Every structure is written in structure tokens, then in C-alpha cells.
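Numbering (the numbering used here), first residue to last: 26 to 344.
The structure appears below as C-alpha cells.
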Amino acid sequence: MTENKYRLEKIEKNGSARYNLIKDVRFKDKNAKVRKPIFNPKNVDFFAFDPELEKKAIFKKAGLSSDYYTSDYLEKSDIFSLEEKKWIANEFFKSAPTDDIKQFEKRFETGYIHGTTAIEGNTLSFSEVSDLLEYGISPKKELREINEVQNYTKTRQFTNNSNGKVTVHFIKKIHSLVMDNILETPGRFRNTNVGIVGCDLQHTPPELVEDELNELIQNYYENIQSKKYPFEQIMLFHHQFETIHPFSDGNGRVGREIMNYMLRKEKYPQFLLGEKTREKYLSALHFGDENQNRQMIQTFYQMYHNQWKNIESDFDRLR
26 MTENKYRLEK
36 IEKNGSARYN
46 LIKDVRFKDK
56 NAKVRKPIFN
66 PKNVDFFAFD
76 PELEKKAIFK
86 KAGLSSDYYT
96 SDYLEKSDIF
106 SLEEKKWIAN
116 EFFKSAPTDD
126 IKQFEKRFET
136 GYIHGTTAIE
146 GNTLSFSEVS
156 DLLEYGISPK
166 KELREINEVQ
176 NYTKTRQFTN
186 NSNGKVTVHF
196 IKKIHSLVMD
206 NILETPGRFR
216 NTNVGIVGCD
226 LQHTPPELVE
236 DELNELIQNY
246 YENIQSKKYP
256 FEQIMLFHHQ
266 FETIHPFSDG
276 NGRVGREIMN
286 YMLRKEKYPQ
296 FLLGEKTREK
306 YLSALHFGDE
316 NQNRQMIQTF
326 YQMYHNQWKN
336 IESDFDRLR
């Protein structure tokens, strides 16, 4: 049986009655409600989407969630803005027509796969990626580049069907899928030291990789449990993962896959990174390399905020 989206509130005063349509709002252990006056309760459809009430509920829920978290780097207004976009996106994906959602997800998925591989130098165009994924049409490109794109079909199936915490085993599994038919030993940590040419930054020695990953994972979940703001913690995790650099190749692709998995687990829409945002993305990571975490987080915030700035107008079209 479908549950009512709303309920009716009756207020009697001086012998007359007024009615409000109510939507209950919950976040964690916080409860609130938003209301809309109605004049004829007999005509109320408790199942129908009411855009005015939904917008009020989103605003209220964003307030509850932004007040719940503590932040080390972002302003309160920035957190509220991200939380508002998060809840708008959640409601949009629940309420939009199924066909519209499928088309949106299809375009986004193609854009994500094209983007995350393009950052690493893959030369397939957006249309070539789309044709390869949807129709199996292979472009006249190197086999490695084709495999890089095709591997994401199984990778995304795995992450979309996963619900648990990130673990070392989970990370290795993602790498084995992303780098299948590319590396001889996908899913295995590197056994040699690596560094960046022209840079003093040194990655974790191979014998310490697993220990540092376990510590990183533990710290992340402890910070989430302590009500640290998830978006900040996920971006910090992403940078530290890239600094550890656990694999001989594929660290960026695996790191971005983990980042989006964490965002999804915390109910945030995914982060689309690609060729056009590559330089800004790398500059954000460079801020982290220089221990300028505030600048790194703010750069990621600006990129993410700009990506989802139109979600409210998409939501308004549901009226």
C-alpha cells in the first residue's frame, strides 16, 4: 500500500476551522514539519506531488542537515547550499518520470566514464564512448583505450550493487575491474616505490600501503560518526588516497570511483569530472599536496556546486 506523502492538520479557533496540508521532515534524530494552507480539505490528494510543499520541505531538511554537521573548511552558507542541492536532487530522482530519469542517468553515466578516463589521457570522444557502451561499436583507437571504457560497465554494476563500507578488499576489487585487460595483475598493490617527476611529494612505500589505507578508512568513518561534514571528509579521503597511490596504475580512476561511491552512500549526487575540469581538479589536489586543505575543499566545492547549479530548475519543471 502506498504511503501518503502528506497529512491534514485541522486548527479550530473561535468556532471556526482552518486546514493545513502537512509534510513531515526528518533527518537523523531531528523531526520537523512544513505546512501549506488549504481551503477545501475534501479536494486534497494526499498522494499527488505538491511542488510548493516539497520545496518548503527541502529547505527545512537542508537546515536540519546543515545544522547537524560540523565543518572545518566550508562556511555555514556553503554547507546549506550543498545540502539544499542534495535534497533537491534526491527528490527530483524520486519524483521525475521514469523515462526522464533513465535518459538523465544514461547521459550522466556516459559523461562520467568519458570524463574520468579522459583525465588520464584517453582520447575517445563523448560520442565514441556512447556508441561503444550502448551499441558495442568500437572506434579505431588503441585496444587499451577501448578496454578502459568498457571496463566501467562491470565496475559501475559492482559499485551500484554494493552497500557496505569501503574496505581494502573493496578498493582492490574496484581496481581489478577498472584495470582488467590493461594490467597483468589488476587488483594488486604496487611493490615498488613511486614518485612524481619534478615534485618533492613522495608516495607511501609499498610495504606501508595497506596499513595506511586501513588507517585512512578508519579515520574517515570515525569522522563521519563524529558528525564531520561528509563532503569535506570525502574530498580529504580522495586526496589522501591519491597521495598513498596504492597501485602502479589506475589510482585516479579508482579514487574517483570510491569518491562517488562515498557521495552516493551519504545521499549526495555524483561528482562529474572530465576533460574540461581536469586542470581545476588537478589544482585542487595540488592544494592538498601543499597542505592547503581549505583551498582544496573550496575548489572542490565550487566545482561540485557549479555542476549541480541547475538542479533546482530541473526540479521546478516537475510542476
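We put the beta carbon where it would ideally sit given N, CA and C, even for glycine.
These figures come from a predicted structure and were not determined experimentally.
Burial is judged here by how many other beta carbons sit within 10 angstroms of a residue's own beta carbon; residue 62 has fewer than 16 and is exposed. Contact between the segment 85-101 and the segment 276-291 is absent: fewer than three C-beta pairs spanning the two stretches fall below 8 Å.
Around the beta carbon of residue 296, a 10 Å sphere encloses 16 or more other beta carbons of the protein chains shown; the residue is thus reported as buried. As a beta-bridge residue in DSSP terms, residue 61 pairs with 46. The beta-bridge partner set that DSSP reports for residue 52 consists of 55. Note: residue 227 is bridge-paired with 220 in the DSSP secondary-structure output. According to the DSSP assignment, residue 37 belongs to the beta strand (DSSP E) that extends over 32-38.
According to the DSSP secondary-structure assignment, residue 253 is paired through a beta bridge with 95. Of the other Cβ atoms in all chains shown, fewer than 16 fall within 10 Å of the Cβ of residue 72; this residue is therefore exposed.
Taking C-alpha positions only, residue 109 is separated from residue 94 by approximately 14 Å.
Between residue 180 and residue 203, the CB-CB gap stays under 8 Å. Burial state of residue 135 is buried, judged by a 10 Å Cβ sphere holding 16 or more other Cβ atoms. The Cβ atoms of residue 300 and residue 143 sit closer than 8 Å to each other. Where residue 187 is concerned, there is no enclosing alpha helix (DSSP H), because DSSP gives it neither an H nor an E.
Its chain contains no residue whose beta carbon lies nearer than 8 Å to that of residue 38 once the 5 sequence neighbours on both sides are disregarded. Cβ neighbours of residue 231 within its own chain (closer than 8 Å, five residues either side excluded): 214, 215, 216, 217, 218. For residue 273, no alpha helix (DSSP H) segment is defined, and its DSSP state is neither H nor E. Under the DSSP definition of a beta bridge, residue 41 partners with 38. The beta carbon of residue 157 is closer than 8 Å to those of 149, 163, 164, 171, 174, 175 in its chain, skipping five residues each way along the sequence.
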